[in-house]
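Residue numbers (the UniProt record's numbering): 1 to 287.
Ideal Cβ positions, reconstructed from N, Cα and C, are used throughout, including at glycine.
All figures in this text were calculated on a predicted structure; none of them were measured in a lab.
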Amino acid sequence: MPGKLQIVEGVSIAEVIASNWQQIQTFQARPGDVLIATYPKSGTTWIQEIVDLILNEGNEEICRRSPTHERMPFVELLNLMKPGPEEVNAMPSPRVLKTHLPVQLVPPFFWRYKCKVIYVARNPRDTVTSYYYFDHMVQIHPAPGNWEEYLHRFMKGDVGWGSWYDQVKGFWEQKDQHNILYLFFEDIKQNPIHEIRKVMRFLDKDLPEEVLEKIVHLSSFDQMKDNPMANFSAFPSDVVDQSHYKFMRKGKVGDWKSHFTVQQNEMFEEKYQQQMHGSAMKFNYEI
Ligand code: A3P
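Written out as structure tokens, the structure is:
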């Protein structure tokens with residue numbers, strides 16, 4: 001049975017998350033936690049693997065100790081999957097956690113303790129394309145409907161975790177007030193060593209060049225797609241059904257071009273201009 005969305009504090013959120021809202025908002029972050037924050041389908045799993053590889057100095061075996069969601073728990077879903085709240089509480093520091101919440105809804109303890117936040121944004125055309133396929137795989141969201149319908153829902157923010165426009169702007173506007181490293185999917189794709197070096201410095205790690213190169217290799221799309229600890233295959237099919245589409249789908253910049261019609265592209269651009277008017281942000285749609 002597909003799930004439902006509910007509006008929480010003005011943002012569309014899966015009902016299973018909304019029903020646990022109080023607990024999510026009081027999540028006990030602690031000093032030293034690192035939070036990976038993204039809008040869904042923006043390269044979350046990719047940056048998670050990069051961060052784990054950096055913290056473990058490129059040690060492939062250690063980074064294959066368990067699936068991504070166990071190594072770096074998902075703040076909104078602690079009540080639905082392992083590790084649960086107690087296990088997460090017992091994890092040694094530095095913990096790395098994941099969220100898709102918009103900046104104003106990030107549990108306040110992360111800000112109170114000045115935790116490091118790594119935000120990754122992806123251009124909205126590739127994001128909605130990726131999300132469309134993902135919403136065919138997961139049960140917590142409504143069925144995606146057809147592509148045209150889904151595009152409209154995305155533009156209205158009527159998808160899980162709400163408006164893409166508000167979220168990418170929200171973190172962008174707050175990045176200098178908090179300890180936020182703001183990255184772009186397209187930059188990581190185009191120049192992984194440069195972007196991974198930024199993450200390494202942000203995490204106060206100093207790794208030799210050959211380790212960095214190893215991290216670039218191990219976090220590449222081809223390596224991750226065949227890594228059962230990084231490709232979502234650890235989830236049972238009633239949670240993430242990969243029988244029709246794969247989580248590690250294309251991993252490209254510009255796949256949107258084979259989905260948008262000319263008319264859809266114009267409509268999407270118009271919405272983008274309305275929503276992002278006045279923002280200094282720039283996205284790459286091809287590299
Ligand atoms: P596509 O559906 O466009 O292929 P998230 O982890 O936020 O859900 O994002 C998933 C998207 O990131 C998917 O995009 C997936 O293929 C892509 N991705 C994951 N790992 C990647 C990697 N190492 N390199 C490039 N893209 C990657």
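Give me whichever residues DSSP pairs with residue i in a beta bridge.
{"i": "Gln6", "result": "Ile13"}
{"i": "Val96", "result": "Val34"}
{"i": "Phe74", "result": "Lys98"}
{"i": "Gln183", "result": "The residue asked about is misnamed: residue 183 is Leu in this sequence, not Gln. Answer is Val120, bridged to Leu183."}
{"i": "Val216", "result": "None, per the DSSP bridge assignment."}
{"i": "Val240", "result": "Val138"}
Quick check: the Cα distance between residue i and residue j, rounded to an integer number of angstroms?
{"i": "Ser42", "j": "Ser130", "result": "9 Å"}
{"i": "His259", "j": "Val128", "result": "10 Å"}
{"i": "Gly162", "j": "Ile17", "result": "13 Å"}
{"i": "Pro2", "j": "Cys115", "result": "35 Å"}
{"i": "Val106", "j": "Gln25", "result": "7 Å"}
{"i": "Asn191", "j": "Phe185", "result": "10 Å"}
{"i": "Leu144", "j": "Leu151", "result": "The question names Leu, but residue 144 in the sequence shown is Pro. Roughly 10 Å between the two C-alpha positions."}
{"i": "Asn231", "j": "Val75", "result": "19 Å"}
{"i": "Gly160", "j": "Met267", "result": "21 Å"}
{"i": "Leu181", "j": "Asp238", "result": "35 Å"}
{"i": "Ser233", "j": "Lys205", "result": "30 Å"}
{"i": "Gln177", "j": "Ile50", "result": "25 Å"}
{"i": "Lys4", "j": "Gln104", "result": "22 Å"}
{"i": "Glu270", "j": "Leu183", "result": "25 Å"}
{"i": "Pro228", "j": "Gln264", "result": "36 Å"}
{"i": "Phe283", "j": "Asn123", "result": "5 Å"}
{"i": "Gln167", "j": "Gly10", "result": "12 Å"}
{"i": "Glu86", "j": "Asp33", "result": "16 Å"}
{"i": "Val253", "j": "Asp226", "result": "20 Å"}
{"i": "Thr38", "j": "Trp172", "result": "12 Å"}
{"i": "Phe235", "j": "Ile13", "result": "21 Å"}
{"i": "Asn179", "j": "Gln139", "result": "34 Å"}
{"i": "Ile54", "j": "Ser93", "result": "15 Å"}
{"i": "Ile215", "j": "Ile287", "result": "22 Å"}
{"i": "Glu60", "j": "Gln274", "result": "45 Å"}
{"i": "Glu149", "j": "Glu209", "result": "47 Å"}
Kindly give me the distance between the Cβ atoms of residue i and residue j, rounded to whole angstroms, as I take these residues to be in contact under 8 Å.
{"i": "Leu212", "j": "Ile188", "result": "Not quite, the Cβ-Cβ distance comes to about 13 Å (not below 8 Å), so this is no contact."}
{"i": "Met72", "j": "Tyr245", "result": "Their Cβ separation, rounded to whole angstroms, is 23 Å, which puts Met72 and Tyr245 out of contact at 8 Å."}
{"i": "Lys169", "j": "Ser279", "result": "6 Å"}
{"i": "Asp255", "j": "Asp158", "result": "Asp255 to Asp158, Cβ: 22 Å. No contact."}
{"i": "Glu57", "j": "Leu207", "result": "6 Å"}
{"i": "Ile118", "j": "Ile36", "result": "5 Å"}
{"i": "Met248", "j": "Met224", "result": "6 Å"}
{"i": "Trp164", "j": "Phe154", "result": "7 Å"}
{"i": "Pro40", "j": "Phe134", "result": "7 Å"}
(request) Note down, one range per segment and in chain order, each alpha helix (DSSP H) of at least 4 residues found wholly within the region 125–178. (result) 147–156 and 164–174
(message) Measuring CB atoms only, is the region 218–234 touching the region 33–53, in the sense that at least three cross pairs come out at less than 8 Å?
(response) yes
(request) Evaluate contact between the region 257–275 and the region 86–97, counting only Cβ atoms and requiring at least three cross-stretch pairs below 8 Å. (result) no
(request) Check whether the region 73–91 touches the region 11–28, counting contact only when three or more Cβ pairs, one atom from each stretch, lie closer than 8 Å. (result) yes
(message) For the pair the region 21–40 and the region 101–120, tell me if three or more CB-CB distances fall below 8 Å.
(response) yes
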